[in-house]
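These notes concern the structure reproduced below.
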Amino acid sequence: MNTLLNEPKARPSASEIKKTFPVLEMTCAACAVSVESMLKHTPGVSDVSVNYANQSALIQFNPAIVNPEGLQTALRSIGYDIVIDTEDPQRVQQEAQQQHYIALQKRTIWSIVLSVPIVLIGMFFMESSMVSVSFGNYTMMLLAAPVVFGLGRSYFVNAWKQARHGKANMDTLVALSTGIAFLFSAFSTVNPQFWMNRGQHPHVYFEAAAVIIAFISLGKLLEERAKSTTSSAIKKLMGLQPDTVRLVDGKEERDIPIAQVQVGNLLLVRPGERIPVDGAVETGASFVDESMISGEPVPVEKTTGATVFAGTINQKGSFQFRADKVGSDTVLARIIRTVQEAQGSKAPVQRLVDKIAGIFVPVVLGIAILTFVAWMVAGGENSLTTALLTSVTVLIIACPCALGLATPTAIMVGVGKGAENNILIKDAESLELGYRVNAVVLDKTGTLTEGKPTVTDLHWLIPTDEQVQSAPVLYALEAQSEHPLAEAVTEYLKQTGVSGVTVSRFDSITGHGVKADYQGITYVIGSRQLIENQGITLGELVEQRANSFYTTAKTVVFFANQKQVLAVIAIADPVKPTSRQAVETLQRRGIAVYMLTGDNAQTAAAVASQVGISHYRAGVLPADKSLFIQELQAQGKVVAMVGDGINDSQALAQADVSIAMGKGSDIAMDVAKMTLITSDLSSVPKALQLSRKTVLTIRQNLFWAFIYNLIGIPIAAGVLYPAFGFLLNPMIAGAAMALSSVSVVSNSLRLRSTRL
0 MNTLLNEPKA
10 RPSASEIKKT
20 FPVLEMTCAA
30 CAVSVESMLK
40 HTPGVSDVSV
50 NYANQSALIQ
60 FNPAIVNPEG
70 LQTALRSIGY
80 DIVIDTEDPQ
90 RVQQEAQQQH
100 YIALQKRTIW
110 SIVLSVPIVL
120 IGMFFMESSM
130 VSVSFGNYTM
140 MLLAAPVVFG
150 LGRSYFVNAW
160 KQARHGKANM
170 DTLVALSTGI
180 AFLFSAFSTV
190 NPQFWMNRGQ
200 HPHVYFEAAA
210 VIIAFISLGK
220 LLEERAKSTT
230 SSAIKKLMGL
240 QPDTVRLVDG
250 KEERDIPIAQ
260 VQVGNLLLVR
270 PGERIPVDGA
280 VETGASFVDE
290 SMISGEPVPV
300 EKTTGATVFA
310 GTINQKGSFQ
320 FRADKVGSDT
330 VLARIIRTVQ
340 EAQGSKAPVQ
350 RLVDKIAGIF
360 VPVVLGIAIL
370 TFVAWMVAGG
380 ENSLTTALLT
390 SVTVLIIACP
400 CALGLATPTA
410 IMVGVGKGAE
420 NNILIKDAES
430 LELGYRVNAV
440 VLDKTGTLTE
450 GKPTVTDLHW
460 LIPTDEQVQS
470 APVLYALEAQ
480 SEHPLAEAVT
490 EYLKQTGVSG
500 VTVSRFDSIT
510 GHGVKADYQG
520 ITYVIGSRQL
530 IENQGITLGE
540 LVEQRANSFY
550 TTAKTVVFFA
560 NQKQVLAVIA
570 IADPVKPTSR
580 QAVETLQRRG
590 IAVYMLTGDN
600 AQTAAAVASQ
610 VGISHYRAGV
620 LPADKSLFIQ
630 ELQAQGKVVA
640 MVGDGINDSQ
650 ALAQADVSIA
660 MGKGSDIAMD
670 VAKMTLITSD
680 LSSVPKALQL
690 SRKTVLTIRQ
700 NLFWAFIYNL
710 IGIPIAAGVL
720 YPAFGFLLNP
730 MIAGAAMALS
740 SVSVVSNSLR
750 LRSTRL
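This is the structure we're talking about:
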């Protein structure tokens with residue numbers, strides 16, 4: 000199925016914008032569902048994707064109907080918030096998260112400190128005399144109150160805000176369980192005679208209420224620490240841009256914050272410094288390490304007029320450059336934005352998980368009520384205490400967080416891992432689908448080959464005096480052509496001192512070549528088919544010369560007038576060193592590899608032989624590439640298309656997984672769901688391997704999250720009691736719940752060390 004044509008997300012209309020906002024105060028997966036639901040029902044919002052793992056919301060909205068302040072007001076009404084600071088929202092979010100982490104750390108430490116004596120009192124004073132028991136109960140109540148209602152206050156506040164809007168989340172479960180346990184224990188402490196008159200011991204669960212708050216806070220602390228690690232790729236990318244730049248203003252030089260740089264400013268870069276924004280060199284020269292942007296390890300020489308990119312490192316030289324793109328327009332900023340949006344996007348499986356998380360808390364509340372009723376009916380003389388204990392334990396052990404974190408944490412780490420390996424993933428859907436790919440279609444020029452064609456032979460078939468007259472026409476035709484081979488011809492002619500003339504009635508024949516008139520004569524340059532379509536016979540000499548070029552994997556173009564072929568041009572585009580290894584890796588994994596090219600059959604065969612591809616098609620037009628992919632899809636294959644040119648964009652749109660080479664056209668990269676910011680084709684099998692590893696991690700996370708809840712909730716409800724006399728202690732349930740989320744995040748973090 001075509002993932003692009005069947006994209007579930009709405010596309011922005013002309014009046015809508017799509018923007019990512021950091022979200023504050025989300026504590027569990029059900030919170031993300033609540034935030035998403037509230038935003039979707041806000042007038043002016045057409046689409047929302049909320050990611051709990053990276054605490055962000057990708058919102059598509061009409062600014063004429065609702066502004067960011069309106070979105071913020073809507074969320075604040077249910078206890079959440081978004082950062083609408085347009086200057087540096089990530090910094091604001093990081094500061095808020097850091098403050099939240101410090102506050103959570105303090106609450107966790109104090110809850111543990113106060114819980115320890117409560118547990119000790121419960122262990123050593125509860126079997127002594129009635130006076131000791133009474134003293135112990137009051138002491139535990141005084142110690143537990145600040146833990147439950149002070150250090151655990153946020154759970155009650157958030158639960159109340161949710162309840163006001165008819166919603167529930169994990170805070171609801173924690174508030175209900177600890178609140179009920181405390182209030183029941185307080186009643187038993189203040190009025191123990193109520194139970195004693197009924198022949199029952201006045202049980203208290205202060206230690207359970209306090210320890211549950213302590214364990215859940217500790218789990219949250221570990222979870223926050225682990226989650227912050229999943230976004231390390233973004234932090235590394237952001238760290239590539241310096242904080243200050245050196246502005247050249249006339250004869251004066253001064254350092255200014257990078258946020259103040261404007262287009263047109265003249266900036267100075269000294270040896271060893273990072274280039275702050277995109278621009279063009281004005282004076283000076285140097286070599287620049289662009290490996291973090293392009294993936295190429297060899298420094299690139301920069302002289303007057305050369306383009307430089309933000310985040311790259313200047314080597315030994317010093318130069319001044321004029322800023323062309325600043326702020327969010329730089330290549331580095333676009334990469335960061337793409338990674339952020341991909342980490343915030345949802346894989347198809349996540350939509351199902353979100354639905355489950357949305358009903359999870361109400362279902363758990365229902366199970367807790369049923370558990371209470373069942374034990375009240377069948378619990379015997381201690382029915383009330385047993386019913387209370389089991390229902391509270393059900394509320395505590397249920398964990399929607401593990402479910403909510405299972406997919407997004409794996410996606411976040413996977414997208415970050417891709418960015419570190421020069422694989423820019425645009426959305427989670429392509430990352431999830433990549434592991435199913437069993438057919439890869441490769442374009443030839445710029446994908447398998449270097450994409451830097453050069454003329455090796457220009458064989459004229461006319462006398463020298465006629466060559467002098469025809470060469471400028473050849474230059475003029477190729478100068479107006481958009482084909483990548485045309486530039487090679489014009490560059491070759493320019494080096495021989497040829498300049499162009501003015502031609503008329505220029506016409507580009509897609510996939511074949513161009514033609515134009517000069518002094519009443521029609522000239523054409525292009526493929527054999529184009530020449531033959533003009534009614535021109537090649538002749539035996541032309542055929543021999545062309546065939547000699549074909550056998551050495553050279554592309555041949557023909558230059559002719561309306562009567563005869565004037566010249567045969569041989570153009571070589573060397574195969575990339577890593578192409579054969581990449582093809583072999585794909586084939587070794589059972590993936591069929593196909594090559595499509597608009598080139599002639601002989602050249603295609605030679606290149607295919609060099610890289611080890613047995614399935615190829617030559618003379619293919621852009622529309623034919625798309626049709627070929629449709630043929631493979633009709634056979635039940637999941638197809639990945641790898642290309643770099645405008646002529647590949649239709650096929651990229653048709654493919655299940657579309658991959659653009661980073662040095663290709665902007666259109667190809669815009670259509671593709673993955674972009675390789677390197678010319679190394681071995682990144683293709685790495686991308687598919689990353690998909691497989693990510694999906695495996697998601698499945699592991701979901702398995703353990705579901706198993707944990709499917710096993711834990713029934714045990715908490717007391718299903719083992721009739722056979723084994725076992726009831727789960729609420730404190731153990733709290734520890735298990737806390738650790739379940741941490742284990743899911745930790746499993747996702749293993750992706751960071753995986754080999755691709």
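Residue numbers 0 to 755, in numbering that gives the first Met the number 0, belong to the letters of the sequence shown in order.
We put the beta carbon where it would ideally sit given N, CA and C, even for glycine.
A quick note: this is a predicted structure, and the numbers were derived from the prediction, not measured.
Residue i to residue j span [Cα, whole Å]
i	j	result
V268	Q580	39 Å
W159	R152	11 Å
A73	R163	14 Å
K18	P576	40 Å
V244	F318	13 Å
G218	T107	9 Å
Y756	A559	The structure shown does not extend to residue 756, since the chain spans only 0 to 755, so no value can be given for it.
K493	P347	53 Å
E477	V500	11 Å
Q528	G618	9 Å
I83	A56	11 Å
A735	C400	12 Å
I120	F134	10 Å
A208	A180	6 Å
F299	A552	Looking at the sequence shown, residue 299 is not Phe but Val. Using only the alpha carbons, I get a separation of about 29 Å.
G496	N50	60 Å
Q285	L246	Just to set this straight, residue 285 is Ser in the shown sequence, not Gln. About 19 Å.
A258	L331	15 Å
L631	V637	8 Å
E380	L726	16 Å
L626	V641	15 Å
L351	N66	30 Å
M140	V718	31 Å
I424	R333	12 Å
T171	I366	14 Å
T509	A515	14 Å
Where residue i falls, given that 16 or more other Cβ within 10 Å makes a residue buried
i	result
D506	exposed
I368	exposed
S664	Per-residue confidence for S664 stands at a pLDDT of 47, beneath the threshold of 50, marking its modelled position as unreliable; the derived number appears in the next sentence. Its Cβ being crowded by 16 or more others within 10 Å, S664 is buried.
A633	exposed
H200	exposed
Q649	buried
G78	buried
F723	exposed
P407	buried
Q543	exposed
I676	buried
E252	exposed
Beta-bridge partners of residue i, as assigned by DSSP
i	result
K324	D277
V156	The partner list for V156 (beta bridge, DSSP) is empty, contrary to what the question assumes.
K779	Outside the shown range of the chain, which is 0 to 755, sits residue 779, and nothing can be said about it.
D248	E251
Q319	L267, T282
A566	W459, F558
Beta-carbon proximity of residue i to residue j, cut-off 7 Å
i	j	result
F205	A167	no
V276	T329	yes
L402	G413	no
K760	P241	Absent from the model: residue 760. The displayed extent of the chain is 0 to 755, so no value can be given.
E281	R321	yes
Q629	Y549	no
S740	L383	no
I395	A732	yes
is_contact[residue i, chain C] using C-beta, thresh 7 Å
i	result
V574	No chain C is part of this structure, which consists of one protein chain only.
Validate contact between the region 565 to 577 and the region 457 to 469 using beta carbons, cut 8 Å, 3 pairs | yes
At least three beta-carbon pairs within less than 8 Å, the region 699 to 714 to the region 438 to 456 = no
Using 8 Å as the Cβ pair cut-off and three pairs as the minimum, do the region 431 to 438 and the region 463 to 473 touch?
-> no
Quick check: the region 675 to 689 against the region 410 to 426, are there 3 or more CB pairs under 8 Å?
-> yes
Mind the definition here: the region 365 to 379 touches the region 387 to 405 only if three or more C-beta pairs lie below 8 Å; say whether that holds.
-> yes
Contact between the region 586 to 599 and the region 611 to 629: three or more CB pairs below 8 Å?
-> yes
Taking 8 Å as the threshold, find out whether the region 58 to 66 comes into contact with the region 31 to 48 through three or more Cβ pairs.
-> yes
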